[in-house]
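Residue numbers (the working numbering): 66 to 846.
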């Protein structure tokens, strides 16, 4: 007798009887009652004859609180790996049970990786309750680990490889038999010999269809189960019909068999699937180099000695030791020692970077020589390495608009072709009176030649190649859809400081009051990471100073900041900011910093930034592509005008607050596709609302988070390359789609009229897929 939930067979006396429903264990009974009370019994209809594992009611909850992230809307977000998922029905059930839970905002489960993205309100439901709901219906939830998916992908690759070897071996032998059989048509062949060859083809064809082709049967089954048709439905329909017809023809000895065509069809299409799997695996393996940094522990100073500590347990302020050969996993600042770091993995720079006291140390660096102690300034999950790996792992979650259009076409394509094939069968059999054999052959040919492989591969293969090519150039596309959006941008908006100009400003003039306490100035400048403050500190070059602790620190973006030291009030910033605080100063036309104590000016610094060497080249390139170029900056009118004139930018706006940049982008976006390039906190709003937001790697964490593309080399040549890749990719996608549609429009009538047999149809269909893939590979050049 079968268990009502897991559908496994047991002896009746071993089972639990609950009002006529039999269960193998308390776990299955509990899950069934939950689904019944929740109105989710539809799950069993979707499950069909698929069996499940008996439910284990033992909950082993682990604390995954440290993995919770915050969304832009201040909700909580977690990525879990749901185990024990067997099919699409399991995915459906988990999504339904979670989305019905109060406090769960969004649930998205990847049916391939079983990675679940869950957005929830921690004030309403806890992570422990979410995991408990998943486990209560018979599944297990753990924190998502890329290595687990990698193992699963490797196992799938091995299974596909075994099926491919079987298919190739059988097809090669069938080809030799076919050569002998077709040669016998001309030289004469006994019927007994011909029957033996037919039976040999039958033996070789069967494992190809039912072992190698099991992938197509499974996909077609689930498609029909959920009342839809896909590419695999066409492949397996044509192959199965040809196989059944050939078996009948072999035993009746009354017609020609097509075992060779069936085997070749399955083999050719499976080769395409295997190549697609390899492409996905290769794209996933691009993270391997970055993951090589992910050691599990670092050496942390605890109670006057260094101990190995898990990277997830390192806290801000902890002292970490680095020795020669170590890999940096967490961002921080050097407090003692000297070392040479190789940062080529992310920046692409071949020259090592020398670090000493007060220098920043970024994760993903390799210590070439030296020893340093550095202080952790960010949790592991917030370090640059962890953030970039996270972005890479989620770079293909959003489909391009053109890919969504292809999906819509494919939805109607398969039913149309099946209808066309059936009409072809009826037309050939009853109108042309050419007999059952010819009608069957023509129908199979239509099904095979119309297989939408080329159409299905046109967009994803091109996008995959584009993302891979961009990554080699140290350009990170967060989403596939960004490639298409970037190719359509007709307006480019740039921030000035740190983008068109270098972030390292230089002091060109200064005026120091005799009352100035340099210790107070140095400590005040250390309160911010703004480029102006860093440049002044570098200019002053004071190594030893007395530490003074400020309080009530207030940071006003794009203006300045203020703080208190005992009873004294200190203000630092531009002339406009000091005027707002009652301090009168002369006007400046360039970047400046005024330091005042109790409304008395003690120091004035004037700074200038140099234009990046590749800025002019980029602006000229954009104008050649008929893109309008605009510069927005928080700097004053004089400096903005000077930079705009040097770069031949006709349109610019100075003294922009973050809200000003946002409003400007929103107004432009009404009639244009806007590309925004920025690197600061004040650019984050504009980046998030632009058609495509691009940030440099060394930009603020907020800018990187809100951008769609990250330039890991931190130069503008990468931006030009990203635009070139995007435009070429979109052009090739359109070429592939046009070729696919024209191919089907030309070949389907030929198959309908009987001018193409099943074998030629299979070869033609495979050739169309190869053309699409080869055309997509041109993106790499």
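Note that beta-carbon positions come from the ideal geometry of N, C-alpha and C, so glycine has one too.
Subject >> residue 227 burial status per 10 Å Cβ neighbour count (16 or more: buried) >> reply: Along the chain shown, one-based indexing puts residue 227 at 162. Burial is judged here by how many other beta carbons sit within 10 angstroms of a residue's own beta carbon; residue 227 has fewer than 16 and is exposed.
Original post:
By how many angstroms is the C-alpha of residue 656 removed from the C-alpha of residue 432?
Top reply: Against the chain shown, residue 432 aligns to sequence position 367. Against the chain shown, residue 656 aligns to sequence position 591. Residue 432 and residue 656: Cα-Cα distance of roughly 37 Å.
Original post:
beta strand (DSSP E) containing residue 393: first to last residue?
Top reply: For this step, residue 393 is matched to residue 328 along the chain shown. Note, residue 393: premise wrong, no beta strand (DSSP E); not H, not E.
Original post:
So, is residue 411 buried or exposed, given that buried needs 16 or more other C-beta atoms within 10 angstroms?
Top reply: As a working note, residue 411 is residue 346 in the chain shown. Here residue 411 scores only 49 on pLDDT, less than 50, and its place in the model is too uncertain to base an answer on.
**OP:** Count the other C-beta atoms from every protein chain shown that fall within 10 angstroms of the C-beta of residue 283, then say buried if there are 16 or more, exposed otherwise.
**Re:** Counted from its first residue, the chain shown places residue 283 at position 218. Around the Cβ of residue 283, a 10 Å sphere holds fewer than 16 other Cβ atoms; the residue is exposed.
Original post:
If you drop the 5 nearest sequence neighbours on each side, which residues of the same chain put their C-beta closer than 6 Å to that of residue 725?
Top reply: What you label residue 725 is simply residue 660 of the chain shown in a count that begins at 1. Within the same chain, residue 725 has no close Cβ partners at all.
Subject >> Beta-carbon spacing of residue 585, residue 613 below 8 Å >> reply: Looking up residue 585 in the chain shown gives position 520. Looking up residue 613 in the chain shown gives position 548. The answer is yes: Cβ separation under 8 Å.
Original post:
What are the residues that DSSP puts in a beta bridge with residue 364?
Top reply: The residue you call residue 364 lines up with position 299 of the chain shown. In the DSSP assignment, the residues bridged to residue 364 are 373 and 386.
Subject >> Chain-order list of residues whose beta-carbon lies under 6 Å from that of residue 199 (same chain, five-residue window excluded) >> reply: Reading the chain shown from its first residue, position 134 is the one you call residue 199. Here the set comprises 206.
Original post:
For residue 326 versus residue 841, is the C-beta distance shorter than 8 Å?
Top reply: Here residue 326 corresponds to residue number 261 of the chain shown, with the count starting at 1. Here residue 841 corresponds to residue number 776 of the chain shown, with the count starting at 1. No, Cβ-Cβ distance for residue 326 and residue 841 is not below 8 Å.
**OP:** Just confirm the distance between the C-beta atoms of residue 434 and residue 405, as a whole number of angstroms; I'd bet it's less than 8 Å.
**Re:** Here the question's residue 434 lines up with position 369 in the chain shown. Here the question's residue 405 lines up with position 340 in the chain shown. Yes, residue 434 and residue 405 are in contact; Cβ-Cβ is about 5 Å, under 8 Å.
**OP:** Could you tell me if residue 79 is buried or exposed, where buried requires 16 or more neighbouring beta carbons within 10 angstroms of its beta carbon?
**Re:** Locating residue 79 in the chain shown gives position 14, where the first residue counts as 1. So residue 79 ends up on the exposed side.
Original post:
So, using beta-carbon positions, are residue 845 and residue 530 closer together than 8 Å?
Top reply: In the chain shown, the residue the question calls residue 845 occupies position 780. In the chain shown, the residue the question calls residue 530 occupies position 465. Yes; because the gap between Cβ atoms is below 8 Å, this pair is in contact.
Original post:
Do you know how far the Cα of residue 541 is from the Cα of residue 457?
Top reply: Start at 1 with the first residue of the chain shown, and residue 457 comes out as number 392. Start at 1 with the first residue of the chain shown, and residue 541 comes out as number 476. Here residue 457 scores only 49 on pLDDT, less than 50, and its place in the model should not be relied on; the value that follows carries that caveat. So the two alpha carbons sit approximately 7 Å from each other.
Original post:
Should residue 266 go down as buried or exposed, given a rule of 16 or more other Cβ atoms within 10 Å for buried?
Top reply: The residue you call residue 266 lines up with position 201 of the chain shown. Residue 266 comes out buried.
Original post:
According to DSSP, is residue 109 helix, strand or coil?
Top reply: Within the chain shown, the letter at position 44 stands for residue 109. In the displayed model, residue 109 falls within a helix according to three-state DSSP.
Original post:
Do residue 439 and residue 399 have their C-beta atoms closer together than 8 Å?
Top reply: Counting from 1 along the chain shown, the entry for residue 439 is found at position 374. Counting from 1 along the chain shown, the entry for residue 399 is found at position 334. Yes.
Original post:
At which residues does the alpha helix (DSSP H) containing residue 102 begin and terminate?
Top reply: Locating residue 102 in the chain shown gives position 37, counting from the first residue. Residues 91-103.
Subject >> Limits of the unbroken alpha helix (DSSP H) element including residue 421 >> reply: In the chain shown, counting from the first residue as 1, residue 421 sits at position 356. Counting along the chain, residue 421 falls outside any alpha helix (DSSP H), and DSSP gives it neither H nor E.
Original post:
Got a sec, what are the start and stop residues for the alpha helix (DSSP H) residue 266 sits in?
Top reply: The sequence position of residue 266 within the chain shown is 201, counting from 1. Per DSSP, residue 266 belongs to the alpha helix (DSSP H) from 256-272.
Original post:
What are the start and end residues of the beta strand (DSSP E) that includes residue 650?
Top reply: Translated into positions along the chain shown, residue 650 becomes position 585. For residue 650, there is no enclosing beta strand (DSSP E), as DSSP gives it neither H nor E.
Subject >> Rounded straight-line distance, which links the Cα of residue 160 to that of residue 188 >> reply: As a position in the chain shown, residue 188 is number 123, starting the count at 1. As a position in the chain shown, residue 160 is number 95, starting the count at 1. If you draw a straight line from the Cα of residue 188 to the Cα of residue 160, it is about 21 Å long.
**OP:** Reducing DSSP to helix, strand and coil, say where residue 509 ends up.
**Re:** For the purposes of this step, residue 509 is taken as the residue at position 444 of the chain shown. Residue 509: helix per DSSP, three-state reduction.
**OP:** Could you please give me the residues that DSSP links to residue 404 through a beta bridge?
**Re:** Mapped onto the chain shown, residue 404 falls at position 339. 420 and 435, per the DSSP bridge assignment.
Subject >> Contact between the region 656-675 and the region 633-646 (3+ Cβ pairs under 8 Å) >> reply: They touch, by the three-pair rule.
**OP:** Just the C-alpha distance for residue 155 and residue 832, rounded to the nearest angstrom, thanks.
**Re:** Taking the first residue of the chain shown as 1, we reach residue 155 at position 90. Taking the first residue of the chain shown as 1, we reach residue 832 at position 767. Distance between the alpha carbons of residue 155 and residue 832: 37 Å.
**OP:** Indicate whether residue 163 and residue 172 have their beta-carbon atoms separated by less than 8 Å.
**Re:** For the purposes of this step, residue 163 is taken as the residue at position 98 of the chain shown. For the purposes of this step, residue 172 is taken as the residue at position 107 of the chain shown. In this structure, residue 163 lies near residue 172, with their beta-carbon atoms less than 8 Å apart.
Original post:
Which full runs of the beta strand (DSSP E) of 3+ residues lie inside the region 586-635, going along the chain?
Top reply: The region 586-635 contains these whole beta strand (DSSP E) runs: 616-621 and 625-630.
Subject >> Three-state secondary structure (DSSP) of residue 557 >> reply: Indexing the chain shown from 1 puts residue 557 at position 492. Strand, per DSSP.
Original post:
Which residues in the same chain as residue 307 place their Cβ atom closer than 7 Å to its Cβ, once the five residues preceding and following it in sequence are excluded?
Top reply: If you number the chain shown from 1, residue 307 lands on position 242. Excluding residues within five positions, the ones whose Cβ falls inside 7 Å are 323, 326, 327, 509 and 823.
**OP:** Can you grab the Cα-Cα spacing for the pair residue 792 / residue 139, in whole Å?
**Re:** Working through the chain shown from its first residue, we reach residue 792 at position 727. Working through the chain shown from its first residue, we reach residue 139 at position 74. Spanning the two alpha carbons is a distance of roughly 35 Å.
Original post:
Which class does residue 580 belong to by DSSP, given the choice of helix, strand or coil?
Top reply: For this step, residue 580 is matched to residue 515 along the chain shown. Residue 580 falls in the coil class under three-state DSSP.
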